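Since the structure comes first, as structure tokens, the remarks are kept for the end.
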Amino acid sequence: MPRLGYLAHRANESYKLSQKWQENPLRGELEAIRDEVFNQSLANLFAQTVRNLVEESGKWWSLGRSSNLDRIETIVFRVKEQVFKVNEDNESHLKHGQILQEGMKDLKTFVNSRRLAKIEKAEAEAVQQDQQRHESIQHQLRSLTPSDPDTKIQAYFMGDPDKEAYLLPQDHLITTYNDIMWHLCFRELVQAPELWARREDPNVQPWTTSGRHWIYVSGDEPISETVFDIVEMATVSNCYIVALVDNGERERPVPVGIPIYGKETCCDLRCGSLRVHLESVWTGVRVEHARLFRSKKCVLETPLDSKNFGVRKNELYVKVMTRMEEDLRSATIETSP
Numbered sequence: 399m400p401r402l403g404y405l406a407h408r409a410n411e412s413y414k415l416s417q418k419w420q421e422n423p424l425r426g427e428l429e430a431i432r433d434e435v436f437n438q439s440l441a442n443l444f445a446q447t448v449r450n451l452v453e454e455s456g457k458w459w460s461l462g463r464s465s466n467l468d469r470i471e472t473i474v475f476r477v478k479e480q481v482f483k484v485n486e487d488n489e490s491h492l493k494h495g496q497i498l499q500e501g502m503k504d505l506k507t508f509v510n511s512r513r514l515a516k517i518e519k520a521e522a523e524a525v526q527q528d529q530q531r532h533e534s535i536q537h538q539l540r541s542l543t544p545s546d547p548d549t550k551i552q553a554y555f556m557g558d559p560d561k562e563a564y565l566l567p568q569d570h571l572i573t574t575y576n577d578i579m580w581h582l583c584f585r586e587l588v589q590a591p592e593l594w595a596r597r598e599d600p601n602v603q604p605w606t607t608s609g610r611h612w613i614y615v616s617g618d619e620p621i622s623e624t625v626f627d628i629v630e631m632a633t634v635s636n637c638y639i640v641a642l643v644d645n646g647e648r649e650r651p652v653p654v655g656i657p658i659y660g661k662e663t664c665c666d667l668r669c670g671s672l673r674v675h676l677e678s679v680w681t682g683v684r685v686e687h688a689r690l691f692r693s694k695k696c697v698l699e700t701p702l703d704s705k706n707f708g709v710r711k712n713e714l715y716v717k718v719m720t721r722m723e724e725d726l727r728s729a730t731i732e733t734s735p
């Protein structure tokens, strides 16, 4: 076979294997393991090793090894079962690590000697990365709670500003941003949350005395704040910003849907400017000022789109006037274009 034809054949085979992996039930089992454990680096290596072995067993030149698939599946099912039996406590990450390492030990029996050293090196690095992450989080927890071991994480809801904060414990079970979102979903407080950390710094937000502003956060990064505001994605478009709305007596974050530049318009009215759009969707509200945090540029007449406003950014200050304070509370704030 000419080399170009051989390469095209290999690419086609790789694509087929990738498609088959998407349909493989083991993929869901491995994702469940990753979702359950703290040891993300080791869990990712375990999952990648399983995938490599499964795909190798499915190649046409390895049909003789297809019986290995049953043994590999047994290892994955056993690891998942053991992981889910571990009770959550201060030692659960150690127990999960031991289970994953036992699983890796069994998987390595299918690996040829040429690749074994590489996998063992990757495993040692993964264990070290997970340990460093654990130590970093523990240090972060100690710095957040120097005198009060009962420090709580406060979660407010942008869609319901009058609702009291929901309090989450700051403990070994809630150490990352994803942990907060999982907890809120598990308690059925939200369906699809996005998390915004509340901060105060007049150098960032100069328009109110509090200097309050919000940063979008996500993922498995260690928690470094204790106050958050939640956006419920079931009520907002996927493309949105958070505006700081100030009526002189109260300031609060409001998610505002924005169109993608060149593809959408902000609403059926084709209003063309931030001022007209906000006054058309915020009942009983007159927009007096709209400025960016850093440049202090007036953007009242600026078109509302992703070119002029950063998606998932809080960089817009909006001063409004209402007939009564109740107008702002009861305003129908449309959060999608």
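Each residue of the sequence shown is one higher than the one before, starting from 399 at the first, in our numbering. We put the beta carbon where it would ideally sit given N, CA and C, even for glycine. Fair warning: this is a prediction, and the values are worked out from it, not measured in the lab.
Ranking Ser608, Gln603, Tyr554 and Arg596 by CA distance to the CA of Leu582 puts Tyr554 first. For the 9 Å CB-CB criterion, Val640 and Pro651 form a contact. Under DSSP, Lys717 forms a beta bridge with Asp644 and His687.
Residue pairing of His611 in beta bridges, as defined by DSSP: Arg597. In the three-state DSSP reduction, Glu630 falls in the strand class (E or B). Straight through space, the alpha carbons of Asn422 and Ser439 are spaced by roughly 22 Å. Sequence-distant partners of Val588 (beyond 5 residues in either direction) whose C-beta falls short of 7 Å from its own C-beta, in its chain, are Leu582, Ile628 and Glu630. Per DSSP, the continuous alpha helix (DSSP H) segment holding Val674 begins and ends at Leu672 to Val679. In the DSSP annotation of this structure, the continuous segment of the beta strand (DSSP E) that includes Ala553 starts and ends at Lys550 to Phe555. Proximity of the segment 675–682 to the segment 605–618 falls short of the contact definition, fewer than three beta-carbon pairs being nearer than 8 Å. For the 9 Å CB-CB criterion, Ala515 and Leu443 do not form a contact.
Shown here for Met579: same chain residues with a beta carbon closer than 7 Å to its own, the five before and five after excluded, namely Pro591 and Leu593 in chain order. Beta-carbon to beta-carbon, Ile470 and Phe508 are separated by about 7 Å, close enough to satisfy the 8 Å threshold.
Within the DSSP secondary-structure output, Cys583 pairs in no beta bridge. The residue among Glu454, Ser455 and Val481 with its C-alpha nearest the C-alpha of Glu429 is Val481. In the three-state DSSP reduction, Ile639 falls in the strand class (E or B).
Burial state of Pro653 is buried, judged by a 10 Å Cβ sphere holding 16 or more other Cβ atoms. Between Lys711 and Tyr659, the C-beta spacing is not below 9 Å.
Taken atom to atom, the span from the alpha-carbon of Gly646 to that of Asn576 is near 35 Å.
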